[in-house]
Amino acid sequence: MTDQEQITLVEKAWEACQKLLPPEICASLETCEEVPGRMRKEDFDVMHFRIRPKSSRPKAFWSASGCHYQMCVGPDGSGHVCGVNFTHATRQKATGSGQYLPAVLKILKDLNPPPNTFGEPQKKGRDGSEYLVYECGYRPSIKDHLYIPIDQAAKDLAWLIESTLPKFLAIPDAC
294 MTDQEQITLV EKAWEACQKL LPPEICASLE TCEEVPGRMR KEDFDVMHFR IRPKSSRPKA
354 FWSASGCHYQ MCVGPDGSGH VCGVNFTHAT RQKATGSGQY LPAVLKILKD LNPPPNTFGE
414 PQKKGRDGSE YLVYECGYRP SIKDHLYIPI DQAAKDLAWL IESTLPKFLA IPDAC
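Going by the numbering used here, the sequence shown opens with residue 294, and the numbers climb by one from there.
Below is the structure:
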(Lines of atoms letter the chains of each structure in order from A and count residues from 1; the text may use other names and numbers.)
(Lines give C-alpha, C1' and ligand atoms only; values in the text may rest on other atoms or scores of the structure.)
Protein backbone atom coordinates (compact mmCIF):
# COMPACT_ATOMS: atom_id res chain seq x y z
CA MET A 1 0.00 0.00 0.00
CA THR A 2 1.37 3.43 -0.92
CA ASP A 3 1.72 6.34 1.49
CA GLN A 4 -1.03 8.21 -0.32
CA GLU A 5 -3.39 5.22 -0.07
CA GLN A 6 -2.76 5.05 3.69
CA ILE A 7 -3.31 8.80 4.07
CA THR A 8 -6.57 8.60 2.11
CA LEU A 9 -7.83 5.74 4.31
CA VAL A 10 -6.98 7.58 7.54
CA GLU A 11 -8.69 10.74 6.28
CA LYS A 12 -11.79 8.77 5.19
CA ALA A 13 -11.99 7.11 8.59
CA TRP A 14 -11.80 10.47 10.40
CA GLU A 15 -14.49 11.94 8.11
CA ALA A 16 -16.73 8.94 8.77
CA CYS A 17 -16.08 9.17 12.52
CA GLN A 18 -17.07 12.85 12.59
CA LYS A 19 -20.43 12.01 10.96
CA LEU A 20 -21.13 9.52 13.75
CA LEU A 21 -20.34 11.87 16.64
CA PRO A 22 -22.89 14.19 18.21
CA PRO A 23 -22.39 17.70 16.72
CA GLU A 24 -21.37 19.26 20.06
CA ILE A 25 -18.60 16.68 20.56
CA CYS A 26 -17.45 16.89 16.95
CA ALA A 27 -17.23 20.70 17.18
CA SER A 28 -15.11 20.41 20.34
CA LEU A 29 -12.36 18.35 18.64
CA GLU A 30 -9.31 19.23 16.60
CA THR A 31 -6.67 17.24 14.80
CA CYS A 32 -3.18 17.44 16.24
CA GLU A 33 -1.65 17.84 12.79
CA GLU A 34 -2.87 19.07 9.41
CA VAL A 35 -2.05 15.85 7.57
CA PRO A 36 -1.60 12.29 8.79
CA GLY A 37 1.87 11.50 10.07
CA ARG A 38 4.02 8.43 9.78
CA MET A 39 5.18 6.29 12.69
CA ARG A 40 7.95 3.95 11.70
CA LYS A 41 9.71 1.66 14.16
CA GLU A 42 11.41 -1.70 13.74
CA ASP A 43 8.15 -3.65 13.96
CA PHE A 44 5.58 -1.32 12.44
CA ASP A 45 5.02 1.31 9.76
CA VAL A 46 1.72 3.17 10.02
CA MET A 47 0.10 6.43 9.00
CA HIS A 48 -1.75 8.01 11.89
CA PHE A 49 -4.09 10.87 12.63
CA ARG A 50 -4.26 12.20 16.19
CA ILE A 51 -7.30 13.94 17.64
CA ARG A 52 -7.76 15.88 20.88
CA PRO A 53 -10.28 18.34 22.29
CA LYS A 54 -9.84 22.07 21.73
CA SER A 55 -10.27 22.50 25.48
CA SER A 56 -7.20 22.30 27.67
CA ARG A 57 -9.20 20.71 30.52
CA PRO A 58 -7.96 19.21 32.64
CA LYS A 59 -4.78 21.27 32.91
CA ALA A 60 -1.66 19.53 31.52
CA PHE A 61 -3.57 16.49 30.25
CA TRP A 62 -4.02 16.66 26.44
CA SER A 63 -0.94 16.66 24.22
CA ALA A 64 -0.32 16.09 20.52
CA SER A 65 2.44 13.63 21.34
CA GLY A 66 1.30 12.25 24.69
CA CYS A 67 -2.47 12.27 25.19
CA HIS A 68 -4.89 11.94 22.30
CA TYR A 69 -7.21 9.69 20.33
CA GLN A 70 -5.65 8.11 17.26
CA MET A 71 -6.50 6.30 14.04
CA CYS A 72 -3.73 4.26 12.37
CA VAL A 73 -3.51 2.47 9.03
CA GLY A 74 -0.67 0.14 8.10
CA PRO A 75 1.07 -2.97 9.42
CA ASP A 76 1.69 -2.70 13.16
CA GLY A 77 3.85 -5.77 13.71
CA SER A 78 1.10 -7.81 15.37
CA GLY A 79 -0.96 -8.65 12.30
CA HIS A 80 -3.22 -5.61 12.45
CA VAL A 81 -3.72 -3.44 9.37
CA CYS A 82 -5.68 -0.68 11.09
CA GLY A 83 -6.40 0.48 14.62
CA VAL A 84 -7.92 3.10 16.86
CA ASN A 85 -6.79 4.05 20.35
CA PHE A 86 -6.61 6.47 23.22
CA THR A 87 -3.05 7.07 24.40
CA HIS A 88 -1.93 8.77 27.60
CA ALA A 89 1.78 9.24 28.32
CA THR A 90 2.18 8.64 32.03
CA ARG A 91 5.63 10.21 32.58
CA GLN A 92 5.44 13.37 30.47
CA LYS A 93 5.15 16.74 32.18
CA ALA A 94 2.84 17.87 29.35
CA THR A 95 0.34 15.16 30.39
CA GLY A 96 0.50 15.59 34.16
CA SER A 97 3.53 13.42 35.04
CA GLY A 98 1.34 10.47 36.02
CA GLN A 99 -1.00 12.43 38.30
CA TYR A 100 -4.02 11.62 36.12
CA LEU A 101 -3.27 7.92 35.75
CA PRO A 102 -5.68 6.66 38.48
CA ALA A 103 -8.59 8.67 37.04
CA VAL A 104 -7.81 7.63 33.46
CA LEU A 105 -7.55 3.95 34.43
CA LYS A 106 -10.88 4.11 36.26
CA ILE A 107 -12.65 5.72 33.30
CA LEU A 108 -11.25 3.17 30.85
CA LYS A 109 -11.87 0.14 33.08
CA ASP A 110 -15.49 1.21 33.70
CA LEU A 111 -16.28 1.26 29.98
CA ASN A 112 -18.53 -1.34 28.40
CA PRO A 113 -17.08 -1.59 24.87
CA PRO A 114 -18.84 -3.16 21.91
CA PRO A 115 -18.16 -6.93 21.65
CA ASN A 116 -14.86 -7.99 20.08
CA THR A 117 -13.33 -4.52 20.11
CA PHE A 118 -11.33 -2.95 22.93
CA GLY A 119 -9.49 -4.97 25.54
CA GLU A 120 -8.12 -3.86 28.89
CA PRO A 121 -5.98 -0.70 29.10
CA GLN A 122 -2.31 -1.65 28.74
CA LYS A 123 0.91 0.02 29.78
CA LYS A 124 3.42 0.10 26.97
CA GLY A 125 6.73 1.80 26.52
CA ARG A 126 9.84 2.29 24.43
CA ASP A 127 13.07 4.13 25.02
CA GLY A 128 12.20 5.02 28.64
CA SER A 129 8.71 6.27 27.85
CA GLU A 130 5.56 4.81 29.34
CA TYR A 131 2.10 5.00 27.81
CA LEU A 132 -1.31 3.81 28.87
CA VAL A 133 -3.03 2.61 25.70
CA TYR A 134 -6.65 1.57 25.19
CA GLU A 135 -6.81 0.14 21.71
CA CYS A 136 -8.69 -1.86 19.14
CA GLY A 137 -6.87 -3.41 16.17
CA TYR A 138 -8.24 -4.92 12.99
CA ARG A 139 -6.81 -7.83 11.06
CA PRO A 140 -7.43 -8.49 7.37
CA SER A 141 -10.62 -10.53 7.10
CA ILE A 142 -9.52 -12.59 4.11
CA LYS A 143 -6.16 -14.34 4.06
CA ASP A 144 -3.68 -12.70 1.70
CA HIS A 145 -6.11 -9.87 0.94
CA LEU A 146 -5.56 -6.45 2.45
CA TYR A 147 -9.05 -5.33 3.46
CA ILE A 148 -8.99 -2.30 5.76
CA PRO A 149 -12.25 -2.03 7.76
CA ILE A 150 -12.40 1.78 7.78
CA ASP A 151 -16.14 1.98 8.52
CA GLN A 152 -15.79 -0.23 11.59
CA ALA A 153 -12.72 1.67 12.77
CA ALA A 154 -14.60 4.98 12.40
CA LYS A 155 -17.53 3.56 14.36
CA ASP A 156 -15.26 2.30 17.16
CA LEU A 157 -13.34 5.59 17.33
CA ALA A 158 -16.61 7.53 17.55
CA TRP A 159 -17.78 5.20 20.36
CA LEU A 160 -14.46 5.67 22.21
CA ILE A 161 -14.54 9.46 21.94
CA GLU A 162 -18.23 9.75 22.87
CA SER A 163 -17.80 7.35 25.82
CA THR A 164 -14.69 8.92 27.30
CA LEU A 165 -14.27 12.56 26.29
CA PRO A 166 -16.90 14.03 28.66
CA LYS A 167 -15.40 11.99 31.52
CA PHE A 168 -11.82 13.03 30.73
CA LEU A 169 -12.87 16.69 30.51
CA ALA A 170 -14.50 16.38 33.96
CA ILE A 171 -11.31 15.18 35.67
CA PRO A 172 -10.24 17.83 38.24
CA ASP A 173 -6.93 19.59 37.57
CA ALA A 174 -4.06 17.77 39.28
CA CYS A 175 -1.36 20.40 38.90
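Cβ atoms here follow ideal geometry from the backbone N, Cα and C, with glycine treated the same way.
**Request:** Tell whether a beta-carbon distance below 8 Å holds between Lys305 and Ile400.
**Result:** no
**Message:** On the DSSP letters alone, give me the boundaries of the alpha helix (DSSP H) that Gln311 sits inside.
**Reply:** Asp296 to Leu313
**Request:** Answer yes if the region 385 to 392 comes into contact with the region 403 to 415, meaning at least three C-beta pairs across the two stretches below 8 Å, and no otherwise.
**Result:** no
**Request:** Return the chain-ordered list of same chain residues with a C-beta closer than 6 Å to the C-beta of Lys460, the five sequence neighbours on each side being excluded.
**Result:** Ile400
**Asked** My guess is that His361 and Arg343 are in contact by the Cβ rule of under 8 Å, so how many angstroms apart are they, rounded?
**Response** 4 Å
**Asked** For Gly330, which option in Arg350, Gln363, Cys319 and Gly430 has the closest C-alpha, if you only look at C-alpha atoms?
**Response** Gln363
**Prompt:** Counting along the chain, where does the alpha helix (DSSP H) carrying Glu413 start and finish?
**Reply:** No alpha helix (DSSP H) contains Glu413, which DSSP labels as neither H nor E.
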